[in-house]
Each structure stands twice: as C-alpha cells, then as structure tokens.
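Protein sequence lines correspond, in order, to chains A and B. When the letters of the first sequence are read in order and numbered with numbering that gives the first Met the number 0, they come out as residues 0 to 306. When the letters of the second sequence are read in order and numbered with numbering that gives the first Met the number 0, they come out as residues 0 to 437. A quick write-up on the structure given underneath.
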Amino acid sequence: MFRFPELLRRCAIVVCGLLLASAITAANSAKPTAYYGYGEPATPQQIAGWDIDIRSDGKGLPPGSGSVQDGEIIYEEQCALCHGSFGEGEGRYPSLAGGEGSLQDARPHKTVGSYWNYTSTLWDYIHRAMPFTQPESLSDDEVYAVTAYVLYLNDLVDGDFVLSQETLTQVQLPNEPNFVPDPRPDVHNKRCMRECKDPNTISIKFEAALHVPTPTKVELPSENTAGESVYRASCAVCHDSGIGGAPVLGDASDWLARIGKDVGTLYSNAINGFQGDRGVMPARGGFTQLSDAEVTAAVDYLVEESR
Amino acid sequence: MSKQQELDGLIKSIAAAGEKLPGPERRLFLKQGLTMLGAAGAASGAAGIGAAEAALPPGVPSWTKSLGTGVVTNPYGEPSPFEAHIKRRNLEWLTADKIASISFTPLADLKGIITPNGLVFERYHAGLPAVDPGLHRLMIHGMVDRPIVLSMDDLMRFPSISMTRFLECAANGGMEWRGAQMDRLQLTHGMLACCEWTGVLLSTLLQEVGVQKGAAWILAEGADGSHMSRSIPMDKALDDALIVYAQNGEPLRPEQGYPVRLINPGWEGNTCVKWLRRLKIGDKPWYHREETSKYTDLMPDGSSREFTFVQECNSVITNPCPENPLKGPGKFWVEGLAWSGRGKIKQVDVSFDGGVSWRTTRFTSAVLPRALTRFGVEWDWNGAQALLQSRAIDETGYVQPTYGQLRAVRGTSSIYHKNAIHTWKVNNNGSVANVQIS
C-alpha cells in the first residue's frame, strides 16, 4: 500500500516531467533543431566567402563599379588573347560579340549581344569562371569594368558608360523577351508496325564518311610521359596554338633563342610567370596546384620536342 | 642475392644511366633501347604464329601449362591488356582545348546496362580538379532555418540509398541535327552512361536544414574552377535528386565529381553538378550562363526554350554499328539500348527496312526507371543492304520520333535534346555506316 506522501512525490515527478517536456517543445518550436544534427552551423563569415551567385534581378551584386575605359585595359591584357580584341573569338574560343539578328539563320551566331538574356549573367560568369586560367582572380570593380567593356563591344552601352551595382540591371539585353518555358513533349510519333511508309520514298539524305573501325594500335610510352601529360593538361591550351604569343610546341625557330637561355631561367619563368615581348606567361600557366617538379617536367618536354 | 633481385638491380642501373644523359642523348639511348626491344618483340611475334597454332586444340596454350602471377600483383585490377582499345575518345576539333571539353563512352564495346566507372564520358568546364576529400565541404544555406557546412564524414552518416540511373549530356548527338556527321556509335551517342549511384536523398538534407516558406529553387554549385552552377526546381529536389558519393560500389571517380556530386535522374547531365560544394535555397531561378547562353534550345522562330531539363525517350542499336560490322550473312543477334528521362521503357521495336515494317524486341536486362535498358532481337541477314532502326516507347506512352517529326517542330539549330530514331546502313560487305534517310 502507498503511503500518501510517497504518492504525492511520485505525482510531482510525473507533473514536473510533463511540464519540462512541454517547456522543451515550446523552446523547440521557437528554435527548431535538426533531426540528425550532423555537421556544423554555417557561420556568416563562411557563407560570405562562397556566396558568389548573382541573380537575374541583380540580387547578390556587391557594391562597386567600373568603366568601359578601365575595362578595355583589363580586357586587352586578360581576355583578348582568347576572345579576340573585338570579341570575335580566337580559334575555337567563344566569341563574345556580334551575331545580331542571326538567330533564325542556318548558322545562328549566339553571343552576349545576340543571345544572352540578362546582364547579371555576364557579371556572374566572368566573376566565377574567367579569365579561364585564373577564375575568381579579378576584383569586384574589375569585373564591373570588364563586363562594361563586353557590353560596349556589343554596342549595348556607350564608351563613357560606368557599370555599377545600381546601373547593372538597367542594361537590358535585346534577346531577353525571346526565352520561353519548356513545352515538351512537343513532338508526337505513333507506333506503327506494318506498311508504315512507302518503300519507294526512302532515300539516303546524309551519310557520314566511314573512317573507322576503331584502331587498336598500342601506343609506346614516350620518354617524358610525366612532362607530356602535365603539358597536355595545363600548357597545351596556349602552347599548341601559340595563342597570345606563346611559343608553339615543336616550332624549333620559335624556341631557338629561348632554349639558348640557361634552363634554370626557363624553369623559373614557367614557375613564377613572366612578361616577355610577346605576351604574358602566367605563373604555372595559371594552374597553381602544379608542383615545381610538374612544371619543370613540362618545360623539359616542351624543350625536347622543340629542338 | 636472388636471380630476381639481380635482374631488378640491372634494370635500375640501366634506367639510371639513361637518366643521367642530357636530353637528345637520352632520347637516342631510349630509342636504341626501343629498337632492340622491338626486334625482340618481332622475334617473339614470329614465334607467336607457331605458338598460336600450338595453343589451339588439340594443342594446349602456354598459360595452361605454367603458373600465373600472384594476388595483388595489381592491387587495383585493370581490364585485360587485350581490351586496351575499349576507352573513352574525344574529338579534337569540337572544342578549343581539352580543359573545357568532352569525351565519349565506348558504347559499342559495352554489355548490359552498367557503364564501368573508368569509361563514363567526361565533361569538364575548367579541367579535372584535384579535390582533397578531407578539405572538401558542402554548404547548404539561403532560405533555410539552419544553414550548415558538411564534411564528407558528416554526409556519409545520413541514411543512404542506391539507384541505377542513366546520365546523358543534353548535347548527346547534337552534331547530327543538320545531318549524319559522326562515323561511329561512340561519337553519335557516347555522351551517355548508366551507373548505380549511392548517396543521400537531397530531400533528407533539405529536411535537416529546414526549408523556409516560399522557397522554390536551389542553386547547385561546383568546386572546380568553372564554379559550375545550375538552378534546380524544388519539385525535383524533393522527388529523386540524389547527393552522390559512390558509383558502381566504389567512391565516385574524380572525373565524375569526387568526392560528391548531384544526380538529377533523367535530367540533362549538366544539372548533375560535380565536385558539389554549395546548395543555396531561393525563391527564383538564377539564370546563370549554363542555363541561358548554353543548355537552352533555339527554335526556328528565333525563340529559345529555357529550363529544358528532361532527356526524352531515346534508343540506339549497338550491335551492329560502325565499330561492330557484320561478318557475313546468317543469324545475327541485334541489340541496343533504350532510355527515358520520364520513367521506364515500355517497348522497343526494330526495323530492318528503313521504317516500313517493324518487329518488336525483348528486354535482356532489368527494366528500371530512368535507366539504360537493353533490348535484343534475332535477325537473319541475307547479305543485302539494310537500313536498321530502333524506336523506343516509354511508360508515359511517348513514342521516339523520326528526324522529320523532330525537325518539323524544332528546326536544326537547337543543339540539345536530339532523340530522333537513328539509322545504321548495313552494306553488302557487312560494314555499317551512319545515315539519315527520308
């Protein structure tokens, strides 16, 4: 048999427990906790370092500005070697200007001016991905300036224009109204099994010339495979084509004077980068993760192949 | 000192002697070495002909009468050296360089529906980054109650799930819109693969961070130099989007986004952001470069379709194909692959006369939603020219269209989402060519 005080004590525990539980629930609904609770809360400082996206309404743009004139200098130094002085695109690199009114042609020419829908996209992309070999290397003001210059190359702003956090969304791109939502499925076929078409109407309209079947030749390793693979991955982008004044692989006359230098100079110029008469050789070709040994192996490969 | 140690020592000292020589001499040294090896090879090659005869019945090959190498000779196994031709290939002229470029899966040589990890096509926009998993973080923030940063260890503690799904670049076959251009299957359809992907459902992570009212889109962003970014609608995120850290049973390959990527089953490959570092929740799409300048479909009237995510129902015959010619008249097992971003494949029909009459095929693999599905049918080839086609139907009833039907609506400039019925022409000599017919 329970004595009265004992019963009271037990009741008190239960009531207290209930009160406590409801207090916790109240706290939870005010500041809910995660179910698993793995990981760390993202701090505002951490977020600030990675939160680089700009939206089409300009949300995310940092304070700052840049002029067409300043942009021209940056563009000539850091963009023209691939995209051409007028945005026409060197070799197979994308062109950034031109193509107005070409979208219904047999060969449409899609560029910032003729195809893109928002100016914010240009700022966002240059900031996140360009210049190609050194993404995220431009300051915010430099991005404003070079964005302004690409707009200028497309005749979308005047030569004295200044692009800023305030003015960016005011520059509307001509093709914006022409984007529509996905209407698919938009093409309809029916399942037919017999006499689906007249055999006499069948003719071959296109035939791809047959080059293959696949070669099974085993390739012998070349003497400097490490250097060659570094070269292919990191240096070929400029040194295969000679873009921006880079001496071309295998062009002995182009390399003669350079090979005449002491090899230590070539190594250090490739590792640290240098400005020559012909153009800019970025440090490690812009691939900062390469070790010294990898860069020198690539230089050896370049030199051996270019004697 | 054992014989083997002696031999190792000798090889090392020869290599070291070669190392010490200056460039040109070293090349000569190695070239002479190679010539000698070549001569030795030729000799053994000549011997090889006799050996081949001796190996065939009633003879017994050398490997049956000797011991092979021991375990862990090759701790991470590789394919037989006789299969060295089965590899990814690229097209030099397609892109300015190999860093923002693509390579193709060798579909002609693959069996079943799973693509081996080393053969899954590559697509980079700033090359292959070397990501250290210990230092990699996934940040989830924006319109959420609890923004978090997850390490790979954190991510792997969540409940996991595995799904076999295809992965296809939106531009697969894009070079064929204006006419037959590519001379082989690897290039006409090879931006395609299918793997078992393992990871955490994105919906689990969204629950964990507490998505706020009004949230409708998610920006997924990569940790490579291109900071690849795409806007993903919330519906897909809550449906089957997967945060993936393993493929076909092993950690993701670097080429596939190691240590973690997004997979949006059935959607264009570009939305499946690799080396995933950030998910930002918002109320509107971002309109970034890969969803405006690229991955939008230009129509004949000059308009462009945006956010065209789904890879529609498609199929192709993989045997025969230019890489797998016919060896002469007789019975032949014709097979191929079908897939649909909208679900399961319901039926595949094959024509041998350019689409006049069709025969239904049977499935020779599992039939999974949004996965490659293998079909096959027997064919008696009489040695005459034939026009082979396959036509897939998915569970929504959608029938794969002809080039004529596709071009009538979309013209020839849209680059992406080409899923027309494909034609192989079998010539009298058994060779196979890529053609387009009226």
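Positions of the beta carbon are idealized from the N, C-alpha and C atoms, including for glycine. None of these values were measured; they are calculated from a predicted model.
Chain A within 7 Å of residue i, Cβ atoms only
i: B:A215; result: no
i: B:H188; result: no
i: B:H287; result: yes
i: B:V434; result: yes
i: B:H421; result: no
i: B:D379; result: no
i: B:G301; result: yes
i: B:V425; result: no
i: B:G429; result: no
i: B:M174; result: no
i: B:Q180; result: yes
i: B:R277; result: yes
i: B:T291; result: yes
C-alpha gap between residue i and residue j, whole angstroms
i: B:W378; j: B:E195; result: 32 Å
i: A:C237; j: A:T132; result: 10 Å
i: A:P40; j: A:D50; result: 15 Å
i: B:P253; j: A:D159; result: 46 Å
i: A:G57; j: A:S163; result: 11 Å
i: A:S66; j: A:V161; result: 4 Å
i: A:Y43; j: A:R54; result: The residue you asked about is not Tyr; residue 43 of chain A is Pro in the sequence shown. Rounded to the nearest angstrom, the two C-alpha atoms are 20 Å apart.
i: B:P284; j: B:E311; result: 23 Å
i: B:G335; j: A:L152; result: 49 Å
i: A:G285; j: B:R369; result: 40 Å
i: B:N418; j: B:T197; result: 28 Å
i: B:W380; j: B:D348; result: 17 Å
i: A:L121; j: A:Y74; result: 14 Å
i: A:K204; j: B:A169; result: 25 Å
i: B:G221; j: A:M129; result: 15 Å
i: B:R88; j: B:L66; result: 36 Å
i: B:A236; j: A:H187; result: 29 Å
i: A:S305; j: A:S202; result: 51 Å
i: A:E99; j: A:R106; result: 12 Å
i: A:Y148; j: B:D153; result: 44 Å
7 Å Cβ cutoff, residue i in contact with chain B
i: A:F193; result: Residue identity check: residue 193 of chain A is Arg in the sequence provided, not Phe. For A:R193, the answer is yes, since a Cβ of chain B falls inside 7 Å of its Cβ.
i: A:N271; result: no
i: A:I203; result: yes
i: A:V186; result: yes
i: A:Y266; result: no
i: A:P198; result: yes
i: A:F85; result: no
i: A:N116; result: yes
i: A:T120; result: yes
i: A:I258; result: no
i: A:Y90; result: The sequence shown places Gly at residue 90 of chain A, not Tyr. It does: the Cβ of A:G90 has a partner Cβ on chain B nearer than 7 Å.
i: A:I125; result: no
i: A:S290; result: no
i: A:E99; result: no
i: A:Y230; result: no
Residues sharing a beta bridge with residue i, DSSP
i: B:C320; result: B:N323
i: B:T163; result: B:E195
i: B:K424; result: B:L386, B:A432
i: B:A50; result: According to DSSP, which records beta bridges pairwise, B:A50 is partnered with nothing at all.
i: A:P246; result: In the DSSP output, where bridge partners are listed per residue, A:P246 has none listed.
i: B:M138; result: B:V148, B:R277
i: B:N89; result: Looking at the DSSP assignment, B:N89 forms no beta bridge with any residue, so it has no partner.
i: B:Q346; result: B:I392
i: B:Y123; result: B:S100
i: B:R304; result: A:V179, B:D296
Rounded Cβ spacing between residue i and residue j (contact assumed at less than 8 Å)
i: A:G90; j: A:S240; result: 6 Å
i: B:G342; j: B:T307; result: Contact doesn't hold; Cβ gap of about 18 Å is too wide.
i: B:G296; j: B:R288; result: The sequence shown places Asp at residue 296 of chain B, not Gly. Going by Cβ atoms, the distance from B:D296 to B:R288 rounds to 16 Å, so no, they are not a contact pair.
i: A:E206; j: B:A107; result: Actually they do not touch by this definition, with Cβ atoms about 19 Å apart.
i: B:G265; j: B:V309; result: 6 Å
i: B:N73; j: B:E249; result: Going by Cβ atoms, the distance from B:N73 to B:E249 rounds to 16 Å, so no, they are not a contact pair.
i: B:I392; j: B:K345; result: 5 Å
i: B:V243; j: B:I139; result: About 16 Å separates the two Cβ atoms, so there is no contact after all.
i: B:Y286; j: A:N116; result: 6 Å
i: B:M190; j: B:I101; result: 6 Å
Length at least 4, wholly inside the segment 202 to 265 of chain B: the alpha helix (DSSP H) runs in chain order
Correct list: 233 to 238.
Considering only residues of the segment 28 to 64 of chain A, which uninterrupted alpha helix (DSSP H) runs meet the minimum length of 4 residues and lie entirely inside it, listed in chain order?
43 to 49
Contained alpha helix (DSSP H) runs [length at least 4] in the segment 270 to 294 of chain A, N- to C-terminal order:
Within the segment 270 to 294 of chain A, complete alpha helix (DSSP H) segments of at least 4 residues are not found at all.
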